[in-house]
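Colleague:
Chains as they are written, first to last, in this note's numbering: chain A, 1 to 401; chain B, 1 to 401.
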C-alpha cells in the first residue's frame, strides 16, 4: 500500500481545513492509503520534507479541525514554475522516498496550475504511479467550472451578518449617517455582492463596473436626501474607468518609497466628504476577519468543503485519476442541493470568474433577484461550534508543533 | 394603576435590548404598571411624545429582542442640562399626561446624570409620584460602582474571537508578519485588554499608558526577531505623553477644514514601517462591528443585561425608589456569580473607570493573571441564536414602524 500527502496553498478560509478533514476521514473509512501525510506550508514545505502523520486523527480532532479557520498545515505563495526542472525532479524524488502515490493540493487557481503542471510532467516522463488532485478553496468565489467555492459561503454569511448588525447600529440616531462597509475581492465582486443578502444595502460598488465619481456621488446624495442615511458596500478591488484602483488614490509613501495602499472605503469616504454628499461617514473594513471568522461558518459551506475532501479521496482510488480538480454543481430541482464531479485542473488554472454583469443592477443599486437566489442557499444553517472557556475550540496548527 | 416608560440613550451594544426585554417581562410577571411605554430616541423623542406600547410583547418577540443588537427604541446624544427649566417642565408635563410613574433610562454615565438631575428636580419641587431609574450599559466598561457593564462581555467575546481567528490566519505563511488589531476605547483600555483572553497577543497598547515610540518600536523589533511575527492590539484612544491621540497624528483635512481622524492602528502601522521595525503590517479596525455583533453574544452578558432590567422593574415597585442605577457586583466564592443592588445615579454620573494600572504589565506585554481572572467569566457560554434564511432573526426597530 502506498501513501498520500495533503497540503494547502494560498490565502486561507474559514472552512479550508474541512477539506483536509474529509480526505483523512475518507481514508479511515476505506484504508486505501497506508498513511496520510500532511505537508507543511504547501509546496514550499514539501520540498523541505516537512511532513506530519495525520492517518490516525481522532474523531474529536477531526471535528474540531472542521471549525478551525485558516490553513492548519500552513500555506505558501510559492508557485512551481514549469521551467524549474530542479523543483519538479526534487518533488518526484521526495514522493518516491515517502512512497506517495497521490498529492492532494488545496487552493485557488494558482494551485490548480500547480496540479496541472505536476500531472503533465508525470505524463511526459512516463511516471504512472504519482498522481495529483486539486481541491478548490477561495473566499473570492472566482474559480471557473465550479458552482461556488468552499470558503465563500462562510465569508458571505459573516459579511451579511456584519452588514445587518452594523446597519441596526448606524440607524439608532436621528442624525444623518453614511456607513461604508469594505469587503475583500480584488478582481471579482462576489463577496461585496453577498452583503446584499442582508437586504439593507443602499448602494453597492463592484470591481465589475467602472467607478464613476459623479454618478456615485449623485446616488449617495439622492439616498441621503430621501432617508437621511446611506449604507454602502464596496469591494476592495474597485477601479476607475482607467483601470486604477480607488484604494491606490489614497496611497501614502512608507518612507522607503513603497506605496501603502489606503482602503477603497477610505477613498470613498473622503470623496463623499469633499463633494459634500454627506457630513460624516464611517468606514468598516472587514479585512482578515471576513475569511477567518469560523464562528460564523455556514453549515452548508463546511459540509460541502468536507464532502469535497471525501470526494477527492474516493475519486483518487481510481489509479488513473490525476490532474483533476474535484468540484460541485447545483443539482436540478426546487430544493438546493449539489452534485460532486471532477474537471481537468488545467481548465481552472489561471482563469478568474467575474460576478455576472447581468446580475448587477444599474446605478449602484445592488443585485438582481436571480443573484440573491444563487447566493442565499450558500449561507444557510450554522454548525454547532464547540467552545472552551468562552472561545471557539481549535486545532493547534500542525506547523507549530 | 400608573404607567412606566423605558428609553435608551448613548452608543448601543449587542445586549442593550435585553435590559428592555427584562423590564417588560418583569411587568408581565407582576402587572405593577398598567402600561409599559417605549420612548423613541431617548429624551429627544420623549419630549416629542414619540411612544410605542410594549406592554403585551409576546414571548417570541421578547426572545428575539434579546438577540437584536443596537437600540431597538433608537438612541440620542441629547443631554438634559440642569439649567434648561423648559425641558424639565415639559418632561414632567408629558409624564403627567401619560400618567407615567417611572422612567427607566438605559445608558452610560451621561444618562446616569440625566437620571440624577430629573430625580433631584422632582425632589426640589415636591413631586413624589414621578420616579427615575437608570440601567447601565456600555461596551467601554468604564462606569463606576458596578463590577462590569452589560454589553462589555459580548464585545470582549467578539474581540477575543477575532483576535484568535485572525491570528490563526496571519500565521499560515512562513514570511514575517505584523498584525495590528484596533479596538474601541477612547478613555479606557478595557476592550483592548479583553483581546488578551485569546492568549495570542504579543503587545498591548492601552490609553492608560503614555505611548512611547522608541520603546514600542524596540518591543516590536524584539518580538519579530524572536519569532518573525508580532500580533499587536491597540485601543483607539491611545495617547502620547503630551496627551495627543495617536489617531490624530494621521488626521487629514476633509476639504472644509475639518480634521478626519485616522485610526490609531494606521498610525502605528506607518510608524513601524518608517522605523524599519517590520517590512509589512496589516491593520484590522473592529469599528462598529465590535459593539453590534450580537451573533457572538456572551450568554453571561445577555442574562445579566436581562436580569438588570428585571431588577430595575422589581426595585421600582418600591414607591420611594428613584434617582438610582441598578448594578451588579461579584458574589464571593470560587464560582463566578453576581448579586444585584442599586446605587445613587449621581455617584456614577460623569466619572470614568480606567483599566487598573496594577493589572498592566510593563513594556506593552499585556495584562496580569488577575486581570484575566476578572475578564474570563464575562465571555462564557453562547446563547442559541435564532436564524431566518441564514441570518440572525431580529426585531425591527420600533422607531422604523
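Backbone N, C-alpha and C define an ideal beta-carbon position, used for all residues, glycine too.
Mind listing which residues of the stretch 377-399 of chain A have their C-beta closer than 9 Å to chain B's C-betas, in chain order?
Modeller: 377, 378, 379, 380, 381, 382, 385, 387, 389, 390, 391, 392, 394, 397, 399
Colleague: Curious, which full-length alpha helix (DSSP H) runs of at least 4 residues does the stretch 146-229 of chain B contain?
Modeller: 152-170, 190-194, 213-227
Colleague: Report yes if the C-beta distance between residue 292 of chain A and residue 188 of chain A is below 8 Å; otherwise report no.
Modeller: Between residue 292 of chain A and residue 188 of chain A, the C-beta gap is not smaller than 8 Å, which leaves the two residues out of contact.
Colleague: Could you check if residue 382 of chain B belongs to the surroundings of the ligand NAP, using beta carbon to heavy atom distance under 7 Å?
Modeller: In the structure on display, the ligand NAP does not appear, and there are no ligands present to speak of.
Colleague: Mind checking if residue 136 of chain A is an interface residue toward chain B, Cβ cutoff 8 Å exclusive?
Modeller: no
Colleague: Let me confirm a value: residue 317 of chain B is counted as buried when at least 16 other C-beta atoms fall within 10 Å, else exposed. Which label applies?
Modeller: exposed
Colleague: How would you list, in chain order, the residues of chain A whose beta-carbon sits under 8 Å from the beta-carbon of residue 191 of chain B?
Modeller: Chain A residues near residue 191 of chain B: none, gap ~15 Å exceeds 8 Å.
Colleague: Residues in its own chain within less than 8 Å of residue 372 of chain A by CB, not counting five upstream and five downstream?
Modeller: 196, 197
Colleague: Report the residues of the stretch 150-172 of chain B with a CB closer than 8 Å to any CB of chain A, ordered along the chain.
Modeller: 157, 160, 161, 162, 164, 165, 166, 168, 169, 170, 171, 172
Colleague: Please decide whether residue 237 of chain B counts as near chain A, where near means a Cβ-Cβ distance under 8 Å.
Modeller: no
Colleague: Does the count of Cβ pairs from the stretch 305-314 of chain A and the stretch 15-23 of chain A closer than 8 Å reach three?
Modeller: yes
Colleague: Of all Cβ atoms in chain B, is any one closer than 8 Å to the Cβ of residue 197 of chain A?
Modeller: yes
Colleague: Quick one: what's got a C-beta closer than 8 Å to residue 228 of chain B's C-beta in the same chain, skipping five residues either side?
Modeller: If you ignore the 5 residues before and after residue 228 of chain B, its C-beta comes within less than 8 Å of the C-beta of 174, 175, 176, 177, all in its own chain and listed in chain order.
Colleague: Do the stretch 89-108 of chain B and the stretch 332-340 of chain B make contact, defined as three or more Cβ pairs closer than 8 Å?
Modeller: Segment contact: the stretch 89-108 of chain B against the stretch 332-340 of chain B, fewer than three CB-CB distances shorter than 8 Å; contact not assigned.
Colleague: Helix, strand or coil for residue 235 of chain A, going by three-state DSSP, please let me know.
Modeller: Secondary structure at residue 235 of chain A: strand, using DSSP grouped into helix, strand and coil.
Colleague: For residue 291 of chain B, report the span of its beta strand (DSSP E) as first-last.
Modeller: Note, residue 291 of chain B: premise wrong, no beta strand (DSSP E); alpha helix (DSSP H) at 289-292.
Colleague: Using the Cα positions of residue 397 of chain A and residue 365 of chain B, report the straight-line distance between them to the nearest angstrom.
Modeller: 24 Å
Colleague: Identify the contact partners of residue 71 of chain B in chain A, using a Cβ-Cβ distance below 8 Å as the criterion.
Modeller: 172
Colleague: Listing by chain order, which chain B residues have their CB less than 8 Å from the CB of residue 44 of chain A?
Modeller: 174
Colleague: Thinking just about the alpha-carbon of each residue, which of B:15, B:84, B:144, B:2 is nearest to the one in residue 385 of chain B?
Modeller: Residue nearest to residue 385 of chain B within the set B:15, B:84, B:144, B:2 is B:15 (criterion: CA-CA distance).
Colleague: Hey, residue 288 of chain B and residue 37 of chain A are a contact pair by Cβ (cut 8 Å); roughly how many whole angstroms apart?
Modeller: Contact between residue 288 of chain B and residue 37 of chain A fails: their C-beta atoms lie close to 44 Å from each other, not under 8 Å.
Colleague: Using a beta-carbon distance below 8 Å, is residue 254 of chain B in contact with chain A?
Modeller: Its pLDDT being 48, under 50, residue 254 of chain B is placed unreliably by the model, and nothing is read from it.
Colleague: Thinking just about the alpha-carbon of each residue, which of B:207, B:73, B:211 is nearest to the one in residue 142 of chain B?
Modeller: B:207
Colleague: Between residue 89 of chain A and residue 9 of chain A, what straight-line distance do the alpha-carbon atoms span, to the nearest angstrom?
Modeller: 20 Å
Colleague: Could you name the residues of chain A that residue 291 of chain B contacts, counting a contact when the two beta carbons are closer than 9 Å?
Modeller: 169
Colleague: Could one say the Cβ of residue 202 of chain A lies closer than 8 Å to chain B's Cβ atoms, at least one of them?
Modeller: no
Colleague: In angstroms with no decimal places, state the Cα-to-Cα distance between residue 110 of chain A and residue 93 of chain A.
Modeller: 23 Å
Colleague: What's the gap between the Cα of residue 137 of chain A and the Cα of residue 73 of chain B?
Modeller: 42 Å
Colleague: Per DSSP, which residues does residue 4 of chain B bridge with? Please list them.
Modeller: B:36, B:102
Colleague: List, in order along the chain, the chain B residues whose C-beta lies closer than 9 Å to that of residue 74 of chain A?
Modeller: 171, 172, 173, 174
Colleague: To the nearest whole angstrom, what separates the beta carbons of residue 294 of chain A and residue 224 of chain A, a pair I think is in contact under 8 Å?
Modeller: Contact flag wrong, Cβ pair sits at about 36 Å.
Colleague: Give me the subset of the stretch 283-312 of chain A whose CB atoms are less than 9 Å from a CB atom of chain C, sorted by chain position.
Modeller: No chain C appears in this structure, whose protein chains are A and B.
Colleague: By how many angstroms is the C-alpha of residue 210 of chain A removed from the C-alpha of residue 201 of chain B?
Modeller: 40 Å
Colleague: Determine whether the Cβ of residue 68 of chain A lies closer than 8 Å to any Cβ atom of chain B.
Modeller: yes
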